[in-house]
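Enquirer: Below is one structure. I have some questions about it.
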Amino acid sequence: MGKANKVVLAYSGGLDTSVIIPWLKENYGAEVIAVCVDLGQPEDYDAVEKKAIASGASKAYIVDAKEEFVKDYIWPTVKAGAIYEGKYLLGTSFARPLIGKILVDIAEKEGADAIAHGATGKGNDQVRFELAIKALAPNMKIIAPWREWELKSRTDCMEYAAKHNIPVVATKKHPYSMDQNVWHLSHEGGDLENPANAPKDDVYLVTHTPEQAPDEAGYVNITFKGGVPVAVDGVEGTPLQILEKLNEIGAHYGVGVVDIVENRLVGMKSRGVYENPGGSIIMYAHRELEYLCLDRATYHYKELIANKYAELVYDGMWFAPLMNALQAFVDTTQETVTGDVKLKLYKGNIISAGSTSPYSLYSEDFVTFEEDDVYDQADAAGFINLFGLPLKINALMKEKAGL
Numbered sequence: 099m100g101k102a103n104k105v106v107l108a109y110s111g112g113l114d115t116s117v118i119i120p121w122l123k124e125n126y127g128a129e130v131i132a133v134c135v136d137l138g139q140p141e142d143y144d145a146v147e148k149k150a151i152a153s154g155a156s157k158a159y160i161v162d163a164k165e166e167f168v169k170d171y172i173w174p175t176v177k178a179g180a181i182y183e184g185k186y187l188l189g190t191s192f193a194r195p196l197i198g199k200i201l202v203d204i205a206e207k208e209g210a211d212a213i214a215h216g217a218t219g220k221g222n223d224q225v226r227f228e229l230a231i232k233a234l235a236p237n238m239k240i241i242a243p244w245r246e247w248e249l250k251s252r253t254d255c256m257e258y259a260a261k262h263n264i265p266v267v268a269t270k271k272h273p274y275s276m277d278q279n280v281w282h283l284s285h286e287g288g289d290l291e292n293p294a295n296a297p298k299d300d301v302y303l304v305t306h307t308p309e310q311a312p313d314e315a316g317y318v319n320i321t322f323k324g325g326v327p328v329a330v331d332g333v334e335g336t337p338l339q340i341l342e343k344l345n346e347i348g349a350h351y352g353v354g355v356v357d358i359v360e361n362r363l364v365g366m367k368s369r370g371v372y373e374n375p376g377g378s379i380i381m382y383a384h385r386e387l388e389y390l391c392l393d394r395a396t397y398h399y400k401e402l403i404a405n406k407y408a409e410l411v412y413d414g415m416w417f418a419p420l421m422n423a424l425q426a427f428v429d430t431t432q433e434t435v436t437g438d439v440k441l442k443l444y445k446g447n448i449i450s451a452g453s454t455s456p457y458s459l460y461s462e463d464f465v466t467f468e469e470d471d472v473y474d475q476a477d478a479a480g481f482i483n484l485f486g487l488p489l490k491i492n493a494l495m496k497e498k499a500g501l
């Protein structure tokens, strides 16, 4: 197991990470510095800080990284149009590299020789945390207690906490494993582990169910500049303000619920239910604007890039060279993705209601079914002859060969 002098711990204030503090001191003989990163999860951060100290940490950092999270992690993913396996909007996935970066920054500042996290050996987060650390601090020791200790269950952790006088509160009111930030809230475990079970209404803590949503539709107008939203209904704001406003609107109309059985990186399938009210609106609106502003070849190739980009984010490869290369491509495509998108929201549905852009490639003069002076329909015959020539030659060969 080895020794460590000073360990920086990714700390949430929950049972697992509270237990990890004394466990690290006991098994590694280390001073422990707790780091809690505020990405929009509703917490009493004064209480979290006090709890970390009460659990044995020598120091506790509370880092507000919400603006950085939206601007530098969410917005690039929006520009890429990256959605994992067609549904998952990557809310946990791109939060982990930012947390990893902050852990590294504080570890270097404090002169720590190790970083620890509370991710289990079954999940994706262990990979995401550790790949970020390896990319940014390749010589840093990484400690993952769930892969080392003899505690095997929540009951074991509760007993360990009681033995070490750690202040934890057990509750069964909401029996799901959850991760929340300003982009999403995820739910796993409990009755959701059986994909045959529909989510119960009490699962949802952010958005309304469709039944709870208003009986009348609402409209929202989103202004984009360079592929990212800059205003809602004509009101400009910071990236965080834009997202929070759309979360509020989307939740009111019951949009953004995602239910998926996804393929985890570690080899198993898992069922998750995600609440993404603002994120769903943004991704939908962004795609609508790209329909107007990107040419056919670029749009189709970008769809391929989006799938690979999503896979890299999901797999924790945020700081990989390929991500940098793909981002350069994405950023180039977004230079003209500017304009306004109007959406209709109704009982969980997002419906297009018109879009405009100064860079629109849509030309009514060319596409009209009425008489026009810009398109000679006779030109299509030559185009079809050349485009279909390989098919014709192949058919002639088969005819000659008797195939």
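Using our numbering, the first residue of the sequence shown is number 99, and each one after it goes up by one. Quick reminder that beta carbons are idealized off the backbone N, C-alpha and C, glycines included.
#1: I'd like to know whether the C-beta atoms of residue 118 and residue 155 end up nearer to each other than 8 Å.
#2: Tell me, please, which residues DSSP counts as bridged to residue 322.
#3: Can we say the stretch 408–426 touches the stretch 190–204, given the rule of at least three CB pairs closer than 8 Å?
#4: Starting from residue 172, follow the beta strand (DSSP E) in both directions and report where the run begins and ends.
#5: Using 8 Å as the cut-off, can you tell me whether the stretch 383–396 makes contact with the stretch 134–150, which would need three or more C-beta pairs spanning the two stretches below that distance?
#6: Let me check one thing: in DSSP terms, what residues is residue 391 bridge-paired to?
#7: Let me check understanding here. Comparing Cα to Cα, which of 365, 123 and 445 lies closest to residue 313?
#8: Once the 5 residues before and after residue 384 are set aside, which same chain residues still bring their CB inside 6 Å of it?
#9: Which first and last residues belong to the alpha helix (DSSP H) in which residue 116 is found?
#10: Check whether the stretch 350–362 touches the stretch 445–454, taking contact to mean three or more Cβ pairs, one atom from each stretch, closer than 8 Å.
#11: Let me check understanding here. Comparing Cα to Cα, which of 250, 394, 349 and 323 lies closest to residue 437?
#12: Would you check whether the ligand MN has a heavy atom nearer than 7 Å to the C-beta of residue 216?
#13: Could you check how far apart the C-beta atoms of residue 105 and residue 135 are, in whole angstroms? I think they sit under 8 Å.
#14: To the nearest angstrom, how far is the alpha carbon of residue 398 from that of residue 254?
#15: With H, G and I counted as helix, E and B as strand and the rest as coil, what does DSSP make of residue 181?
#16: Decide if the stretch 197–209 is in contact with the stretch 128–144; the criterion is three or more beta carbon pairs, one per stretch, under 8 Å apart.
#17: Flag this pair as yes or no: are the beta carbons of residue 365 and residue 305 separated by less than 8 Å?
#18: By a C-beta neighbour count over all protein chains shown, 10 Å radius and 16 as the cutoff for buried, is residue 498 buried or exposed?
#19: Which runs of the beta strand (DSSP E) at least 3 residues long sit entirely within the stretch 174–252? Give them in chain order.
#20: Using the C-alpha atoms, what's the distance from residue 307 back to residue 299?
#21: State the DSSP-derived secondary structure class of residue 476, mapped to helix, strand or coil.
#22: By how many angstroms is the C-alpha of residue 487 removed from the C-alpha of residue 493?
#23: So, under 8 Å CB-CB, residue 168 and residue 338 are touching, yes? Tell me the CB distance rounded to an integer number of Å.
#24: Taking 8 Å as the threshold (beta carbon to beta carbon), is residue 228 in contact with chain B?
#25: Let me check one thing: in DSSP terms, what residues is residue 317 bridge-paired to?
#26: Closest to residue 218 by CA distance: which of 252, 434, 439 and 320 is it?
#27: Since residue 240 and residue 264 are thought to touch, with beta carbons under 8 Å apart, how far apart are those beta carbons, to the nearest angstrom?
Expert: Inspection of the coordinates gives the following:
#1: Sequence index remark: in the sequence shown, residue 118 carries index 20 (1-based). Sequence index remark: in the sequence shown, residue 155 carries index 57 (1-based). No; because the gap between Cβ atoms is not below 8 Å, this pair is not in contact.
#2: On the sequence shown, residue 322 is found 224 positions in, with the first residue counted as 1. Beta-bridge pairing links residue 322 to 327 and 437.
#3: Yes, the stretch 408–426 is in contact with the stretch 190–204.
#4: Counting from one through the sequence shown, the residue named residue 172 turns up at place 74. Run containing residue 172: none; DSSP gives neither H nor E here.
#5: no
#6: Residue 391 sits at position 293 when you count from the first residue of the sequence shown. Residue 391 is not bridged by DSSP to any residue.
#7: For the purposes of this step, residue 313 is taken as residue 215 along the sequence shown, with counting starting at 1. Of the candidates 365, 123 and 445, the one whose C-alpha sits nearest the C-alpha of residue 313 is 445.
#8: Numbered from 1 along the sequence shown, position 286 holds the residue referred to as residue 384. 176, listed in sequence order.
#9: In the sequence shown, the residue the question calls residue 116 occupies position 18. Element bounds for residue 116: 113–126.
#10: yes
#11: For the purposes of this step, residue 437 is taken as the residue at position 339 of the sequence shown. Taking only the C-alpha atoms, the option nearest residue 437 is 323.
#12: Inclusion of the ligand MN in the displayed structure is not the case, the ligand content being empty and no account of it being possible.
#13: Position 7 of the sequence shown holds residue 105. Position 37 of the sequence shown holds residue 135. Beta-carbon to beta-carbon, residue 105 and residue 135 are separated by about 16 Å, too far to satisfy the 8 Å threshold.
#14: Residue numbering aside, residue 398 sits at position 300 when the sequence shown is read from its first letter. Residue numbering aside, residue 254 sits at position 156 when the sequence shown is read from its first letter. Straight-line Cα distance between these residues: approximately 51 Å.
#15: Against the sequence shown, residue 181 aligns to sequence position 83. Coil, per DSSP.
#16: yes
#17: Along the sequence shown, one-based indexing puts residue 365 at 267. Along the sequence shown, one-based indexing puts residue 305 at 207. Cβ atoms of residue 365 and residue 305: not closer than 8 Å.
#18: Taking the first residue of the sequence shown as position 1, residue 498 is located at position 400. Residue 498 is exposed by the Cβ-count criterion.
#19: 212–214 and 239–241
#20: Sequence index remark: in the sequence shown, residue 299 carries index 201 (1-based). Sequence index remark: in the sequence shown, residue 307 carries index 209 (1-based). Here the C-alpha atom of residue 299 lies approximately 7 Å from the C-alpha atom of residue 307.
#21: Looking up residue 476 in the sequence shown gives position 378. Of the three classes helix, strand and coil, the one that applies to residue 476 here is coil, per DSSP.
#22: Start at 1 with the first residue of the sequence shown, and residue 493 comes out as number 395. Start at 1 with the first residue of the sequence shown, and residue 487 comes out as number 389. One C-alpha to the other measures close to 10 Å.
#23: As a working note, residue 168 is residue 70 in the sequence shown. As a working note, residue 338 is residue 240 in the sequence shown. 5 Å between Cβ atoms; contact.
#24: As a matter of chain content, chain B is missing from the structure shown, which is built from one protein chain.
#25: Position 219 of the sequence shown holds residue 317. Note: residue 317 sits in a beta bridge opposite 442.
#26: Here residue 218 is taken as the residue at index 120 of the sequence shown, counted from 1. Residue 252 is the option with its Cα nearest to residue 218.
#27: Stepping through the sequence shown from its first residue, residue 240 is reached at position 142. Stepping through the sequence shown from its first residue, residue 264 is reached at position 166. That belief does not hold up - the Cβ atoms of residue 240 and residue 264 are roughly 23 Å apart, past 8 Å.
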